[in-house]
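So the sequence shown is numbered by the working numbering: it starts at 698 and just counts up by one.
Below: the structure, in structure tokens.
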Amino acid sequence: MSSSHLAQFWRRLRPAPDALLDRMRLQIARPDALLWHALFGILTGLTTGVVIIGFRLAVEGTQALMLPHHGENYEALSIAARLLLPLGGALLIAAVFLRFSNGIRVLGVARVLERMEYHQGHLTLRGFVLQFVGAAVAIVSGHSVGREGPHVYLGASGGSLLGQLLELPNNSIRIMVACGTAAGIAASFNTPLAGVIFALEVLALEYSIATFIPIILAAASADWLFVSVFGANPFFEVPPAVVGSVADLMPVILLGIAAGMVSAAYTQAVQSIAGAAKALPFFWRLMLAGVIAGLCGALMPEVMGLGFDSLGQLLKEHLAWEFLLMLLAMKLMATSASIGLGIPGGTIGPALFMGAVIGNLTALVAAPFLDASAVPASFYVLLGMGAMMGASLLAPLAGLTAIVELTHSPGVIMPGMLAIIIAALVSYKGFGKDSLFITMLRANGLDYRINPLIRELRRQAVGGVMNRRFVHQLAELDRAKAERLVVDSPDWIIVNKADKPTYLMPGIAVATFLSQNPDAASVDLLEIPGERLELAPIHLQASLQEAVVALEATGAQALYVRRPLAPGIDHIYGVLTRSRIDTAYKY
């Protein structure tokens, strides 16, 4: 069932037009409609929390049934099982997507960005189900992917579908997508602040109270549900550590450089594999991903699945450098192949894993020169996680906040800033690599640019800007009716032609004609002197950006704002001219 079908079902359940909902839609159309957006932020957060808890329980429950001793013990499987399990998962994903996807191939955060840029944040129920099933199968079958990207997509979809169900304006739907994004990160790791910052950084939202407060409430609501089910303990237990001298910063600088180089390699590998695989049919791309994941898992089972058990080991002890280099290479290969070839998993978890490996390697290098008891391995592992996340996603503040919240270790803030910024500079400026999400969009033939004017137009819906002082009138009317019309003093008159709103003319034109023609028995609005603007329709949900696009696409000079009540029956809410759009955002 698509979101449009859901909206039609909702309309059948309620009277039309529903005055309460209409008033709410008009109020929330303004960018400063804080109370309504705050309420929908909470609803989105709670919805996201329920969905993500369900996703996590489904994945971890299946792993517990399938793997011996503990949920991610892929090491206990035979080599043959590790070879075949990812291939079987890829086969199942391919069967589901080929049967039900209707052409949807890209999911996760990249898909959210694409829908925000080109579709006003409208996501589909089909994509929601595909992401839930596809990511769960991918993780359980041992593909080297994360769950955070799917969580973001599920949260963003939940917010978008709720907004579409209520037929909210598109500016509100975009805010609800951002709320779902923040809630998705918050409910992944008990990291509500990182979720808020991730939404603002990755979705490139402007800071404003009307946007920020709903996102905070969504992240807090989702995190409250997470804590209620899984507890409030930090995700990783590490001893506290602080940088005690300038000498302690030297390994941090080296770690930042190394993380930036690996981040660039990660992005390039995904880009190259996705580009090279375009010529392959979708089915064979997934089969190749299954083969590569199986080979990597057979050689090094630690790279299979989310790898949180291995992350815990990396945080606690120094490992052999040969093992660490092999682990890093295999994780990079397995993740890049899975993501680049179309497995519907996330990229954030693998980035954290690779950063942890880089941090453990840094601890090995620094150990002979520094006091290991004062600066334990876990300190560098944390910095590596933040550096890889911040550099590969180009979300440095989200990366820093995540490692603080994951471990409740404020001592990593200052060195974390240094490592993350160095890594981001090396990857972005040194190697010219954009974020993984933008790279995946471009690999699929799409682009993503931030235009300040378009962003401002998207913040406002037509319902918050339109002129509501209008009358809807047939072209011909007698003098008595024309005089009553003048008494009402409308700013604009919508004139019908062939039973369709066709022209918009100023109300003063009728008053002028009547005063100059006292003997006229009737008035033809299509004949009297006066300015007549050609009209085109625009939906009440539309943003001002969509209004500008509609004016340019149709060649019309004005728009009438409508919402369909039944086939062929519209309710008209107001009119919108180009000058009114301009005054909505110009100083």
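Every residue, glycine too, gets a C-beta built ideally from N, C-alpha and C.
Terminal residues of the alpha helix (DSSP H) in which residue i lies
i       : result
Gly957  : Leu946 to Ala973
Phe1167 : That residue, Phe1167, is in no alpha helix (DSSP H); its beta strand (DSSP E) goes Phe1167 to Leu1171.
Met984  : Phe979 to Leu996
Met1163 : From DSSP, Met1163 is part of no alpha helix (DSSP H); its letter is neither H nor E.
Val809  : Gly805 to Tyr815
Ala792  : Ile776 to Phe797
Glu1102 : Pro1093 to Thr1104
Val1184 : Arg1176 to Asp1185
Lys1028 : Trp1018 to Gly1037
Asp1216 : Taken as a continuous stretch (DSSP letters only), Asp1216 belongs to no alpha helix (DSSP H), as it is neither H nor E.
Ser841  : No alpha helix (DSSP H) contains Ser841, which DSSP labels as neither H nor E.
Asn1057 : Ile1045 to Ala1063
Met763  : Leu731 to Met763
Gln1010 : Phe1005 to Lys1013
Gln1157 : It is not in any alpha helix (DSSP H) - Gln1157 carries neither H nor E in the DSSP assignment.
Phe1128 : Taken as a continuous stretch (DSSP letters only), Phe1128 belongs to no alpha helix (DSSP H), as it is neither H nor E.
Leu1090 : Ala1074 to Leu1090
Arg1139 : Leu1133 to Ala1140
C-beta contact flag for residue i and residue j at 9 Å
i       : j       : result
Leu902  : Thr908  : yes
Asn887  : Val924  : yes
Val967  : Thr1136 : yes
Thr1059 : Leu951  : yes
Gln861  : His819  : yes
Ile882  : Ala1095 : yes
Pro1093 : Glu772  : no
Leu900  : Met813  : yes
Ile782  : Gly1039 : Note that residue 782 is Leu in the sequence shown here, rather than Ile. Going by C-beta atoms, Leu782 is not nearer than 9 Å to Gly1039.
Leu784  : Gly987  : yes
Val849  : Phe895  : yes
Gly751  : Ala919  : no
Leu1285 : Val949  : The structure shown does not extend to residue 1285, since the chain spans only 698 to 1284, so no value can be given for it.
Val1286 : Ile1266 : It is not possible to answer for residue 1286, since the shown part of the chain is limited to 698 through 1284.
Gly1036 : Ala971  : According to the sequence displayed, residue 1036 carries Ile and not Gly. Yes; because the gap between Cβ atoms is below 9 Å, this pair is in contact.
Ile870  : Val959  : no
Phe794  : Pro1041 : yes
Arg1275 : Pro1234 : no
Thr1199 : Leu1232 : yes
Ser905  : Pro728  : yes
Ala835  : Ile749  : no
Tyr933  : Leu1103 : The sequence shown places Phe at residue 933, not Tyr. Yes.
Ala726  : Asn868  : yes
Run of the beta strand (DSSP E) containing residue i, from where it starts to where it stops
i       : result
Ala1255 : Ala1255 to Ala1263
Ser1219 : Ser1219 to Asp1221
Asn868  : First-last for Asn868: Asn867 to Phe886, but that is the alpha helix (DSSP H), not the beta strand (DSSP E).
Ile1191 : Trp1189 to Asn1193
Thr1274 : Ile1266 to Thr1274
Thr1199 : Pro1198 to Pro1203
Leu1230 : Leu1230 to His1236
Supposed close pair residue i, residue j - CB separation, criterion 8 Å
i       : j       : result
Val874  : Gly892  : Going by Cβ atoms, the distance from Val874 to Gly892 rounds to 13 Å, so no, they are not a contact pair.
Ile1191 : Tyr1257 : 6 Å
Met1085 : Ala1048 : 5 Å
Pro936  : Pro1112 : Contact doesn't hold; Cβ gap of about 15 Å is too wide.
Gly1081 : Ala1063 : Their Cβ separation, rounded to whole angstroms, is 12 Å, which puts Gly1081 and Ala1063 out of contact at 8 Å.
Glu864  : Arg722  : 7 Å
Phe1134 : Leu1097 : About 18 Å; that fails the 8 Å criterion.
Leu1237 : Ala1255 : Leu1237 to Ala1255, Cβ: 16 Å. No contact.
Val756  : Ala853  : Wrong, their Cβ atoms sit about 19 Å apart, outside the cutoff.
Pro889  : Ala916  : 4 Å
Val1109 : Leu1079 : 5 Å
Gly839  : Gly994  : 5 Å
Pro931  : His1105 : 4 Å
Asn1057 : Leu1011 : 5 Å
Residue i Cβ short of 8 Å to the ligand FMN heavy atom set
i       : result
Val1062 : Only the bare structure without any ligand can be found here, which leaves the ligand FMN out of the picture.
Checklist entry - Hey, is the stretch 829-843 in contact with the stretch 1120-1127, meaning 3+ C-beta pairs nearer than 8 Å? => result no
Next on the checklist: Between the stretch 750-769 and the stretch 981-993, can you find at least three pairs of beta-carbon atoms closer than 8 Å?
Outcome noted: no
Checklist entry - Using 8 Å as the threshold, is the stretch 1161-1179 in touch with the stretch 1193-1210, meaning 3 or more CB pairs across them? => result yes
Checklist entry - Would you say the stretch 1241-1248 touches the stretch 1155-1162, given that touching needs at least three Cβ pairs under 8 Å? => result yes
Checklist entry - Can we say the stretch 1014-1032 touches the stretch 800-813, given the rule of at least three CB pairs closer than 8 Å? => result no
Checklist entry - Quick check: the stretch 989-1008 against the stretch 1167-1177, are there 3 or more CB pairs under 8 Å? => result no
Next on the checklist: Quick check on the DSSP output: what are the complete alpha helix (DSSP H) runs of length 4 or more inside the stretch 895-930, in order along the chain?
Outcome noted: 906-927
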